[in-house]
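Below you'll find the structure, written out as structure tokens, and then a few comments.
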Amino acid sequence: MLGLTDYESVIAIAEEAHFRRAARRLEVTQPALSARLRRIEEHLGVRLFDRERGGVRLTPAGEQFVEGAARVISAAKEAAQSARNAHIGLGQTLRIGMTQVAARQLVIPALSEFCRRHPQARLRLFESTTAALERHLELARIDAAFLHPPLHAPGLSEAHIVTAPLFRFSPGPKSATGRPIVRYPRAEAPVLMTQLGRLDDEYGASFAPAEADTMLGAFVLSRAGFGDVIAPEAFPGLFGLGMDGVAGAPTGLTLETSFAWRSLDRRPLIRQLAEIAVEVSSPGVPAGASLPV
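Per this note's numbering, the sequence shown starts with residue 2, numbered consecutively.
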């Protein structure tokens with residue numbers, strides 16, 4: 002059976018039309034290349050080249066062989082590249098989750114830089130709550146997620162990205178003092194509800210008789226008059242709900258955002274996305290500086 006070196010040798014001889022030049026290109030001696038060609042022709046049972054003074058010329062059989070050899074070389078290169086792509090995660094669709102807060106904070110610049118570095122990568126983006134994203138990660142329904150720690154599922158790694166202060170926004174001209182706060186379901190937003198519980202403990206804040214799974218839903222309820230909403234500073238004008246320019250009152254609370262993935266997922270593409278997320282949120286931070294080993 003012929004190997005890739007045999008196909009490459011015939012192609013080199015055909016393109017150079019000269020044994021010495023072909024041997025130099027292949028970095029072998031001319032006698033070694035001549036012996037290789039004899040073996041190939043004996044194996045095929047046909048003559049591939051006519052020897053002429055000053056060079057060689059392809060026979061009709063040789064022309065057909067060279068065309069096929071080029072396809073073989075191309076297919077071999079494609080197979081090798083496909084294997085490399087699979088190793089780093091290309092060729093597969095990366096399923097990335099995000100919360101609405103993370104989407105506003107950094108998902109766009111992170112994915113933009115990731116796309117610039119890996120234009121062939123395929124992504125599918127999911128939006129949900131932190132608790133749901135953590136469950137999806139644990140069950141391998143998604144590959145990574147931008148969410149809010151602390152994480153509770155075993156077997157997950159995370160890279161801290163950003164810590165944002167939380168503000169209290171009122172939907173109308175009334176003072177936020179004494180108004181209830183729109184709640185989030187504790188099962189879906191345990192981190193945020195724990196933070197809001199601190200407001201209750203320290204300031205006697207009360208909670209509205211309505212709750213929302215997402216921050217968009219919280220702003221909708223707030224605009225409908227159910228109470229104030231707790232969110233990062235840049236959120237009031239994001240959803241087009243008539244709260245542009247509304248100033249929030251500092252709460253002293255913060256919300257962390259991390260990039261999380263399954264610890265056993267060693268695909269380089271996942272780790273590179275984590276590094277990019279850290280880089281875009283903290284310019285000048287060395288790649289991988291804050292990532293777990």
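Even for Gly, the Cβ is constructed at its ideal location relative to N, Cα and C.
State the Cα-Cα distance for the pair residue i and residue j, rounded to the nearest angstrom.
{"i": "T94", "j": "A122", "result": "7 Å"}
{"i": "I271", "j": "R184", "result": "34 Å"}
{"i": "R268", "j": "L274", "result": "10 Å"}
{"i": "F220", "j": "T195", "result": "19 Å"}
{"i": "R54", "j": "H19", "result": "10 Å"}
{"i": "R169", "j": "A250", "result": "5 Å"}
{"i": "M216", "j": "L256", "result": "13 Å"}
{"i": "A177", "j": "R118", "result": "For A177, the pLDDT reaches just 44, beneath the cut-off of 50, and the residue's location in the model is therefore unreliable, although a value from the coordinates is still provided. Whole-angstrom Cα-Cα distance: 46 Å."}
{"i": "P233", "j": "P120", "result": "32 Å"}
{"i": "A104", "j": "A211", "result": "24 Å"}
{"i": "E135", "j": "I97", "result": "12 Å"}
{"i": "L126", "j": "A188", "result": "22 Å"}
{"i": "V47", "j": "R72", "result": "20 Å"}
{"i": "G289", "j": "V11", "result": "No answer about G289 holds up, because its pLDDT of 48 lies below 50 and its placement is not dependable."}
{"i": "S129", "j": "V279", "result": "21 Å"}
{"i": "E114", "j": "L124", "result": "13 Å"}
{"i": "S171", "j": "D229", "result": "5 Å"}
{"i": "R199", "j": "R142", "result": "33 Å"}
{"i": "E16", "j": "V102", "result": "59 Å"}
{"i": "R37", "j": "R22", "result": "15 Å"}
{"i": "I182", "j": "A81", "result": "57 Å"}
{"i": "A206", "j": "G253", "result": "14 Å"}
{"i": "A213", "j": "H161", "result": "26 Å"}
{"i": "H44", "j": "R52", "result": "19 Å"}
{"i": "C116", "j": "A248", "result": "35 Å"}
{"i": "S327", "j": "L197", "result": "Residue 327 is absent from the model: the chain starts at 2 and stops at 294."}
{"i": "A146", "j": "P186", "result": "20 Å"}
Tell me whether residue i sits in a helix, a strand or coil according to DSSP, three-state version.
{"i": "T255", "result": "strand"}
{"i": "P1", "result": "Absent from the structure is residue 1, since the part of the chain shown begins at 2 and ends at 294."}
{"i": "L3", "result": "coil"}
{"i": "I182", "result": "strand"}
{"i": "P265", "result": "Rather than Pro, the amino acid found at residue 265 in this sequence is Leu. In the structure shown, L265 sits in coil (DSSP, three-state: anything other than H, G, I, E or B)."}
{"i": "F236", "result": "coil"}
{"i": "I231", "result": "strand"}
{"i": "L148", "result": "strand"}
{"i": "A188", "result": "coil"}
{"i": "S158", "result": "strand"}
{"i": "P174", "result": "Caution is warranted here: a pLDDT of 48 is assigned to P174, below 50, making its placement in the model unreliable, and no coordinate value can be reported."}
{"i": "A225", "result": "coil"}
{"i": "A209", "result": "strand"}
{"i": "R26", "result": "helix"}
{"i": "R199", "result": "helix"}
{"i": "R123", "result": "strand"}
{"i": "A141", "result": "coil"}
{"i": "A111", "result": "helix"}
{"i": "A132", "result": "helix"}
Considering Cα atoms alone, identify which of the options is closest to residue i.
{"i": "P166", "options": "S113, G46, A235", "result": "A235"}
{"i": "L193", "options": "P32, G55, W262, L148", "result": "L148"}
{"i": "A261", "options": "A213, P32, R54, L138", "result": "L138"}
{"i": "I14", "options": "G46, L45, A70", "result": "A70"}
{"i": "D296", "options": "M99, R187, P120", "result": "Absent from the model: residue 296. The displayed extent of the chain is 2 to 294, so no value can be given."}
{"i": "L265", "options": "G253, I231, L140", "result": "L140"}
{"i": "S282", "options": "F208, Q106, R180, A24", "result": "Q106"}
{"i": "A77", "options": "G4, P151, A103", "result": "G4"}
{"i": "L152", "options": "A132, L124, I162, V230", "result": "A132"}
{"i": "E64", "options": "F50, S75, S259, G198", "result": "F50"}
{"i": "V67", "options": "L200, Y8, E43, I162", "result": "Y8"}
{"i": "I231", "options": "H44, R180, V163", "result": "R180"}
{"i": "L27", "options": "T6, S75, E276", "result": "T6"}
{"i": "A190", "options": "G218, V163, S207", "result": "G218"}
{"i": "G56", "options": "A24, L45, S259", "result": "A24"}
{"i": "I41", "options": "I74, V108, S75, M2", "result": "M2"}
{"i": "E276", "options": "A209, A111, C116, T258", "result": "A111"}
{"i": "V108", "options": "I74, V163, S75, P150", "result": "V163"}
Quick check: the region 215–229 against the region 154–162, are at least 3 beta-carbon pairs closer than 8 Å?
no
Could you check whether the region 57–64 touches the region 24–36, counting it as contact only if at least three pairs of C-beta atoms, one from each stretch, sit closer than 8 Å?
no
So within the region 33–105, which uninterrupted beta strand (DSSP E) runs reach at least 3 residues, ignoring any that extend past its ends?
50–53, 56–59, 94–99
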